[in-house]
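Start counting the sequence shown at 3; every next residue gets the next number (our numbering). Each residue gets a CB set at the ideal place from its N, CA and C atoms; glycine is no exception. Contents: one structure, followed by commentary.
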Amino acid sequence: MKFSTLVSFFERLQATASQIEMTEILAELFMEASEDDIDTVCYFVLGDIAPGYAEVDLGLGEKTVISALALASGRDEEEVSRWVRDEGTLSALAADLEIPWKEEFRDYIAVDNGLRVEDVHDGLMQIATASGSGSMKKKKTILAAMLAAADEKERSYITRLATGTMRLGAGDRTLLDGMSHAVSGSKELRPVLEHAYYTCSDIGHVAKILKQSGLSGVKRIRVSLNRPIRPMLTQRVGKLEEIMEKISSARIAAEEKYDGERIEAHKDGDEVRLFSRRLSDITDQFPDVVEGVRSGIAAQTAILDGEVVAYDAGEGIFQPFQQLMHRRRKYHVEKYVAEVPVRYVVFDLLYLEGDSRMSAPYPERRALLKEILTPSEFLTLSGMKVCTSVEEIHDAFSSNLKRGLEGVICKSCASDSVYEPGNRSWQWIKWKKEYETELTDTLDLVIIGAAAGKGKRSGGFGSVLCAAYNEEEDVFQTVCGVGTGFSDEELEALPEKLEATRREKKPSRCQVRKRSEPDFWFSPEYVIEVLGSEITQSPAHTCNWNEEEKRGFALRFPRFIRWRPEKSPEQATSAEEIAQMYGQQGSG
Ligand code: AMP
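Structure below.
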């Protein structure tokens, strides 16, 4: 496929704010792209070069790109920097600059009939893999060569891809809807495509298989080692009694709920890789967990699901989440391994000795896990009590709270208790301490805007506009403005923290009522945990917007609790969960 053809699709996507139109454009794009190109096309639409877990990092900062533009256009860097300030963005400047072709560029890019999608992908991969001495120069030269081979519009999109600022407004679910539309004319295939995507975490692979072998091929997509599986999610209820009703299983496992970070561990012989909830490879952050899994799991190959928690071995108690945050670092890891010891608490087994175990019932997976796991300083099996009554669940919950845990996660033990990747299923229900002390649970919300501060807060932000994620429509819908709960230092640091996500106008996947429009817009990236008193109906917020009644849902008396860096915007509380919480309040 010619890159210019793909760019014309990008332009159409960019020009619409309608999800339906976006889906139709993506369906057309799916049909037009070849089997060879479709995976790259999918990554590019999402602003990536490869699936997220592959951790392809171009290593291009703004300075390097400015320097590449200077090299390509024969200007000096000072002048280019000044133009960037005037033009606003690097991509706009790249489109405007005259960039002449030089013969020496032929070493990096062969283009006689214009750029193809494959050429752009190859160029970006060469940039990502350049390493060692002279690598910066090489990265700059490759980028300059690509820009010189491109026309005006192509230059803008190459620069956006190179700087991670694509932002076409299409999320991965819209892309899946586009594929479904292309094949069936409707969204009906989304669940099948989603299941395959959540199993392999590579949307390009799913698209390629769909093109090559149709839906039956997609249904055959299996788990592979070193490709993260999307973690299964938990539901919530308003009253403890409802757990028994919702989990239709005579026996319910009340597992201890730990306040740490979700980690999926892949063991392949002596090699162990760890993936975060956002599917990033975080192996290097936790050498202690790697060692725990390597020596404590008696299997050649296995995939485990669990929670890593800060642990005070002296006192024998788990520590709060904030403590674990000290381990989020790339450098001086060893020092923090000693200062903030952790324990990997494993609660599920998804793959063993070459076979997926996801379709085995929970008790069977748990029994296998118990068989292969030898507890050690860094590794343990989650605590669990099988219950048959609500009283027993409450007992387990109270005893967990006494030991400093967050609550319980109740899990179905029925014969159909399979592991559902990426799904928020009624098989797993959480019950936390906040449920007994506050009117509502905390919500994880995405910051999409901010109001300018007044009085004491003038010059900074007064509050941030927060949104929930609507999974069905793949958009962000507002729930509340949050101004309390931040410390003075946190408030002061907010503008700088959010600066990189700042936008001139409303980002395309955000739905905001006119009356709630903020002074500043941010693309949905940062997730915060917010405590509130109650969910109410409100004409000011778009969460589950009801056009007839002209109202959505809002959170009353919201209060900032903490940042949730381990959650992606799409992992924020969903609009559907908020609707459920509203219903539960009514009956509670
Ligand atoms: P929350 O983050 O409050 O929505 O609660 C769900 C999260 O609790 C899961 O994504 C896990 O990271 C975590 N968790 C802690 N303990 C368990 C457990 N025993 N089983 C499943 N998830 C757990």
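- Segment contact: the region 458–466 against the region 5–15, fewer than three CB-CB distances shorter than 8 Å; contact not assigned.
- Set against 6 Å, the gap from the CB of T382 to the closest heavy atom of the ligand AMP is not smaller.
- Of the other Cβ atoms in all chains shown, fewer than 16 fall within 10 Å of the Cβ of H334; this residue is therefore exposed.
- As DSSP reads the structure, Q302 sits in no beta bridge.
- A distance below 8 Å between beta-carbons, with the five flanking residues on each side excluded, links E408 to the following residues of its chain, in chain order: K259, Y260, D261, N402, K434, K435.
- Annotated three-state conformation of E531 is strand, per DSSP.
- Between the alpha carbons of H207 and D41 lies a distance of about 6 Å.
- Within the same chain, Cβ atoms closer than 6 Å to the Cβ of C389 are found at I254, A256, I395, the five residues on either side in sequence being excluded.
- Every unbroken stretch of the beta strand (DSSP E) spanning 3 or more residues and falling wholly within the region 239–297 is given here in chain order: 254–259, 263–270, 273–278.
- The DSSP assignment places 381–383, 386–389 as complete runs of the beta strand (DSSP E) inside the region 359–408, in order along the chain (cut-off: 3 residues).
- Inter-residue distance for R157 and V113 is about 15 Å (C-alpha atoms, whole angstroms).
- Taking 7 Å as the cut-off, the Cβ atoms of I265 and L276 count as close.
- Here V225 carries a coil assignment [DSSP, helix/strand/coil].
- By the C-beta density criterion, W103 is exposed, having fewer than 16 other C-beta atoms within 10 angstroms.
- With a cutoff of 7 Å on beta-carbon distance, F478 and I530 are scored as not near each other.
- In terms of side-chain proximity, the C-beta atom of R564 is found no nearer than 6 Å to any non-hydrogen atom of the ligand AMP.
- By the neighbour-count criterion, in which a residue is buried when 16 or more other Cβ atoms sit within 10 angstroms of its Cβ, Q302 is exposed.
- If you check the C-beta of K404 against the ligand AMP, you find no heavy atom less than 6 Å away.
- V47 and I231 have their alpha carbons spaced roughly 22 Å apart.
- Put simply, the backbone Cα of G61 is about 39 Å away from that of I580.
- Residues of the same chain with a CB within less than 8 Å of the CB of I144, apart from the 5 flanking positions on each side, are Y110, I111, G125, Q128, I129, A132 in chain order.
- DSSP places I22 within a helical segment (H, G or I) once states are collapsed to three.
- Beta-bridge partners assigned by DSSP to L447: I530.
- Counting along the chain, Y159 sits inside the alpha helix (DSSP H) bounded by residues 154–165.
- Taking the Cβ of K372 as the reference point, every heavy atom of the ligand AMP lies at 6 Å or farther away.
- Below 8 Å, enough C-beta pairs join the region 565–583 and the region 536–545 to call them touching: three or more.
- Beta-bridge pairing by DSSP links E536 to R558.
- By the CB criterion at 7 Å, V194 and E263 fall outside the cutoff.
- In the three-state reduction of the DSSP assignment, D357 falls in the strand class, which pools E and B.
- Short note on F349: C-beta closer than 6 Å to some heavy atom of the ligand AMP.
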